[in-house]
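Chains A and B are the protein sequences, given in the same order. When the letters of the first sequence are read in order and numbered with full-length UniProt numbering, they come out as residues 1 to 259. When the letters of the second sequence are read in order and numbered with full-length UniProt numbering, they come out as residues 1 to 397. Contents: one structure, followed by commentary.
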Amino acid sequence: MNIVVLVKQVPDSGSERKLDSSDNTVARASADNVINEMDEYAIEEALTVKESQGGEVTVLTVGPGSATDAIRKALSMGADKAVHVTDDAVHGSCAVQTSAVIAAALQQLEYDLVLCGAESTDGQVSVMPALLSERLGIPHLSGARKLTVEGTTVRVERQTDGGYWMLESSLPAIVSTWDTINEPRYPSFKGIMAAKKKPVETKSLADLGVDPASVGLATATSRVLDFAGRPPKGEGVKVADEGDGAEKLVGYLAAQKLV
Amino acid sequence: MAPGTASLTRPRAPLALFDLDGLVAPEELAIRDTVRRFVDDRVAPHVAGWWEDGVLPIRELARELGDLGVLGMHLEGHGCAGTTATAYGLACLELEAGDSGLRSLVSVQGSLAMYAIHAFGSDEHRDRWLPAMARGEAIGCFGLTEPDFGSDPAGMRTTARRDGTDWVLTGTKMWITNGSVADVAVVWARTEDGIRGFVVPTDTPGFSAPAIAHKMSLRASVTSELVLDGVRLPADAVLPGAAGLSGPLSCLDEARFGIVFGALGAARDSLESALAYSQSRIIFDRPLASYQLTQAKLADMTLELGKGVLLALHLARLKDAGRLAPDQVSLGKLNSVREAIAIARECRTVLGAAGIVAEYPMMRHAANLESVLTYEGTSEVHQLVIGRAVTGMAAFR
């Protein structure tokens, strides 16, 4: 069972995040960059499947040189090796362009199962697994809260607002996972120290056979035209309770169309 | 905008101001971050309650710490992670930011009990105990101090008498961390040939370890008396590699090194909490943090904390290079604990009355650090060690 986990480095959602005003892309240099939180659940799930079925877990990321930190984190949790696609031409790519790059990288790998987080905390476009499914011609099982593999069949429980669906498909397939699926392990110290010796293969667009002109901000299918900072928090409304406090509170909520 | 509230720069965490991460290797930072996250997730939400109740879920925590690789992390082989001393120090700092009791559990397991078996034990001792102790399935303690012999361990009264090929241990040890929960005790005793160490399974008849009650410090830690009432051990229970006091004293150097970092964790946690409080607490219509007297306190504490960490990192690099001398460990232990307790107490003053309740950590840290100031060599003894080093004259007695 060979599993590829898609991992993305994102600015830490817990600290201040900015766009670069020169081209309206994510300002990575000034950010505290971390592995996308949801991806840790996908890694954990891959490791769990590997522990019961054997095989290898490969981490695949597309990102600048500093994305090696996210790769190390995944390797220290227990993944076996990594492929890092890095090429300046990718900067500013939209999800559609990025999916072409990832698909090309996946085609150079052997996989039975591709796992990824259901969303990233930066763009939150959340369409990558669907785009890859289309490009690779493999089934897409989205939003899993539970996953089991038996032979060449994968079954998942797809989490929805109203309950869950039972889905099943043949392998190879791509599955996206929510944070309800498991509890990611802490990287062990042995894992952390072993990670620096694990193979990380760096690939350019040329290595993947992707035309640099087909990716990047200039030909992106979507781009940020303008942005503005969040307006400062206004003064709160003080409700003085003169025996009618409850009435005033409900009145306020009703005026805001919250009740 | 009222005077004093102008915010020209974004506030930075006290240690971030020193920009120290570049002094540490990436995998050492990764180890630190893992321990920090573990403490945030598993310890911080509960520790005030544990402390108040005088309990610590040692078995559970030991297994989790074992899974991470914390226990005996700086030892090589036998299931130990084999990290640098620097990584071990940073882990101690994060653990003690949780609570000195948690760091004590780890220090005693890894630096005292496991280190003694690793350094001085037979292959059989190592195989039997180290992998289980590294996993946190077996807990160890270390019996050197006695009721009347702390700074003067050479005066110990516990004896190991030969009876045929067996050894028979008799005596009392005191202030033994992990004692009542331990599976194995490394016990030091007087023999006809000087002081020797023994590996004592705690289910051996004659061994008991009543817990010491009514502690006002290290409440989230088990502290015990060890009673050795004719404990009969086979000939191979003795640690073959240690003869005389140099054996146990080298173990204490290991544990002290962890405290050099650990105590600063308690200080950092106190300072971060006081900083956050001072920024949100409004007094006379302005944040407490905007007053000059408060800023003087915060600035002085930030400086002492950063200086302490710099010294600790320097000592760690010396240790990793195999050049750290015991009197250099004294420099670090004395400085870290003395400054940490001063910081914790000063932080309490920043919070005013609120500083005395368990919701905030500084009172707990300050109370814990009273023990840390004394154990593994009192501040006074470390002053004497440093005094001897610079004068060439010993003033211990």
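Where is the CB? At the ideal position from N, CA and C, for every residue including glycine. For clarity, every value in this text was computed on a predicted model and none was experimentally measured.
Going by beta carbon distance, what residues of the same chain come within less than 8 Å of residue i, once the five residues before and after it are set aside?
i, result
"S142 of chain A", "A118, P129, A130, R158, V175 and S176"
"L20 of chain B", "G306, V309, L310 and L313"
"L208 of chain A", "V85, V101, A104, A105 and Q108"
"E192 of chain B", "R162"
"A16 of chain B", "none"
Measuring alpha carbon to alpha carbon, tell me which of the options ends up nearest residue i.
i, options, result
"R103 of chain B", "B:V372, B:F396, B:T391 and B:G377", "B:V372"
"D300 of chain B", "B:I343, B:L324 and B:L288", "B:I343"
"A220 of chain A", "A:S21, A:H91 and A:L171", "A:H91"
"G236 of chain A", "A:L249, A:S21, A:T202 and A:A70", "A:L249"
"E45 of chain A", "A:D20, A:S93 and A:C116", "A:C116"
"A154 of chain B", "B:L130, B:M133, B:A134 and B:I195", "B:I195"
"P172 of chain A", "A:P139, A:W178 and A:D179", "A:P139"
"A274 of chain B", "B:A367, B:M362, B:L68 and B:L15", "B:M362"
"S214 of chain A", "A:A74, A:T48 and A:D88", "A:D88"
"R317 of chain B", "B:I31, B:G89, B:A48 and B:D285", "B:G89"
"M38 of chain A", "A:V49, A:S120 and A:G151", "A:S120"
"F149 of chain B", "B:M133, B:I386 and B:E376", "B:E376"
"V55 of chain B", "B:A85, B:R219, B:D229 and B:V184", "B:R219"
"A242 of chain B", "B:Q292, B:V186, B:P201 and B:F38", "B:V186"
"T152 of chain A", "A:Y186, A:L253 and A:Q53", "A:Q53"
"S379 of chain B", "B:T349, B:C347 and B:D327", "B:D327"
"A367 of chain B", "B:V381, B:E346 and B:H78", "B:E346"
"T202 of chain B", "B:L29, B:A237, B:E64 and B:L271", "B:A237"
Show which residues of chain B have a CB atom less than 7 Å away from the CB atom of residue i.
i, result
"Y186 of chain A", "T34, R37, F38 and L68"
"K190 of chain A", "G69 and A81"
"S76 of chain A", "A30"
Thinking residue i and residue j are a contact (beta carbons under 8 Å), I'd like their distance in whole angstroms, please.
i, j, result
"V154 of chain A", "K146 of chain A", "No, V154 of chain A and K146 of chain A are not in contact; Cβ-Cβ is about 11 Å, not under 8 Å."
"A189 of chain B", "A160 of chain B", "4 Å"
"T223 of chain B", "K215 of chain B", "6 Å"
"residue 428 of chain B", "A62 of chain B", "This structure cannot speak to residue 428 of chain B, because chain B is shown only from 1 to 397."
"F142 of chain B", "L112 of chain B", "4 Å"
"G206 of chain B", "R232 of chain B", "7 Å"
"V7 of chain A", "L47 of chain A", "Actually they are not in contact, since the Cβ atoms of V7 of chain A and L47 of chain A sit about 13 Å apart, beyond 8 Å."
"V329 of chain B", "V260 of chain B", "7 Å"
"L256 of chain B", "K333 of chain B", "Reading off the sequence, residue 256 of chain B comes out as Arg, not Leu. Sure, about 5 Å apart at Cβ, within 8 Å."
"T302 of chain B", "V350 of chain B", "So it is not a contact: roughly 12 Å between Cβ atoms."
What residues from chain A crowd round residue i, counting only those whose CB sits closer than 7 Å?
i, result
"M73 of chain B", "F189"
Output needed for residue i: all residues of its chain with C-beta closer than 7 Å, excluding positions within five of it in sequence on either side, in chain order.
i, result
"V125 of chain A", "A95"
"P147 of chain B", "T172 and M174"
"E339 of chain B", "A267, E304 and G308"
"T83 of chain B", "I31, M73 and H74"
"I192 of chain A", "S76"
"V4 of chain A", "T58, L60, L106, L109, Y111 and V114"
"S30 of chain A", "K18"
"D80 of chain A", "E56, V57, T58 and K198"
"G69 of chain B", "A81"
Name the chain B residues whose beta carbon is nearer than 9 Å to that of residue i?
i, result
"R72 of chain A", "P26, E27 and A30"
"K203 of chain A", "The premise fails here: K203 of chain A is roughly 22 Å from chain B at the closest Cβ pair, so nothing lies under 9 Å."
"K196 of chain A", "P26 and E27"
Using a C-beta to C-beta distance shorter than 9 Å, which residues of chain E count as neighbours of residue i?
i, result
"K257 of chain A", "Among the protein chains of the structure shown, namely A and B, there is no chain E."
Enumerate in chain order the residues of its own chain whose CB-to-CB distance from residue i is below 6 Å, with the five nearest sequence positions on each side excluded.
i, result
"residue 419 of chain B", "Because chain B here runs from 1 to 397, residue 419 of chain B falls outside it and cannot be looked at."
"R364 of chain B", "W51"
"N2 of chain A", "G55, E56, E110, Y111 and D112"
"P26 of chain B", "none"
"V390 of chain B", "none"
"E225 of chain B", "M174 and P210"
"G121 of chain B", "L239"
Closer than 7 Å, CB to CB, is residue i near chain B or not?
i, result
"M128 of chain A", "no"
"M166 of chain A", "no"
Give the interface partners of residue i over in chain B, defined as CB-CB distance under 8 Å, in chain order.
i, result
"M193 of chain A", "E27, A81, G82 and T83"
I want to see whether chain A comes within less than 7 Å of residue i, judged by CB atoms only; does it?
i, result
"Y88 of chain B", "no"
"P3 of chain B", "Here the model assigns P3 of chain B a pLDDT of 40, short of 50, so the residue's position is not dependable, and the following value carries that caveat. For P3 of chain B, the answer is no, since every Cβ of chain A falls outside 7 Å of its Cβ."
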